[in-house]
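Q: Right, I'll just put the structure down here and ask away after.
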Amino acid sequence: MLSEIMYNALCEQFTKERQNEALYQAIGDTFEAEAWHGFAKWAHKQATDEAAHARKIAEYILDQNRVTQYHPLAAVVPPSGGVYQVFVFAYENEQLTTSAIKTLYYLAETQEDPQTCAFLQPLLLEQVEEEKLLSDAVLELTRATDNASLLLLDGRYGS
Ligand SMILES: [Fe+2]
Ligand SMILES: [Fe+2]
44 MLSEIMYNAL CEQFTKERQN EALYQAIGDT FEAEAWHGFA KWAHKQATDE AAHARKIAEY
104 ILDQNRVTQY HPLAAVVPPS GGVYQVFVFA YENEQLTTSA IKTLYYLAET QEDPQTCAFL
164 QPLLLEQVEE EKLLSDAVLE LTRATDNASL LLLDGRYGS
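Numbered according to my numbering, the sequence shown spans residues 44 to 202.
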């Protein structure tokens, strides 16, 4: 049984994951509009992953006989300024997600809730992968200083 404080914190994370989904959808649409089809495909796939994270949390809450609260999402404005800026923004956002899930984990510990700790562990490990992916992307984009190399990268993200 989830404590009330744990339930509310999980619902908050559920909203954050839905917000992340909306963010990646918007990023994907922006890339698509600029004919960066590979980067767009990547961002839309990220959105699908974020939706899956939200669903996972909702199902965990349901397994504890509670129903997740659906809070309104904030408006999403993808950063302007080009591919590099968008990836830096996404990287920083993933770091924020990691620290939010860590906070949730520490809360589960103080709530003496080992099941929620165990539930959060795969999400935390997935964040390690997400951050690595994005820090690599940012690094590669700093090297792609002309359109030709950027096009090459776009092709790779689309494959
Ligand atoms: Fe996520
Ligand atoms: Fe993510």
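Don't be surprised by glycine CBs; every beta carbon is placed ideally from N, CA and C. Since we're looking at a predicted model, the values are computed, not measured.
Out of 200, 59, 47, state which residue places its alpha-carbon closest to the alpha-carbon of residue 94.
A: Checked all of 200, 59, 47; the closest Cα to residue 94 is 59.
Q: Compute the distance between the beta-carbons of residue 129 and residue 121, then report whether it is under 8 Å.
A: yes
Q: Which of the three DSSP states, helix, strand or coil, is assigned to residue 142?
A: Correct three-state label for residue 142: helix.
Q: Is it true that the CB of residue 107 sits closer than 8 Å to the CB of residue 45?
A: In contact: residue 45 and residue 107 (Cβ atoms closer than 8 Å).
Q: Going by the beta-carbon positions, is the gap between residue 84 and residue 201 smaller than 8 Å?
A: yes
Q: Taking just the CA atoms, how far does residue 65 sit from residue 111?
A: 18 Å
Q: With respect to the alpha helix (DSSP H) encompassing residue 80, which residues constitute its N-terminal and C-terminal limits?
A: Per DSSP, residue 80 belongs to the alpha helix (DSSP H) from 80-106.
Q: Give me the residue from 99, 61, 63 with the minimum Cα distance to residue 166.
A: 99
Q: Going by the C-beta, is residue 135 closer than 7 Å to any heavy atom of ligand 1?
A: no
Q: How would you call residue 186, buried or exposed, if buried means at least 16 neighbouring beta carbons within 10 angstroms?
A: exposed
Q: Is residue 92 close to ligand 2? I mean its beta-carbon at under 7 Å from any heavy atom of the ligand.
A: It does: the Cβ of residue 92 is within 7 Å (strictly closer) of some heavy atom of ligand 2.
Q: Can you name, in chain order, every residue of its own chain whose Cβ lies under 7 Å from the Cβ of residue 193, other than the five neighbours on each side?
A: 126, 187
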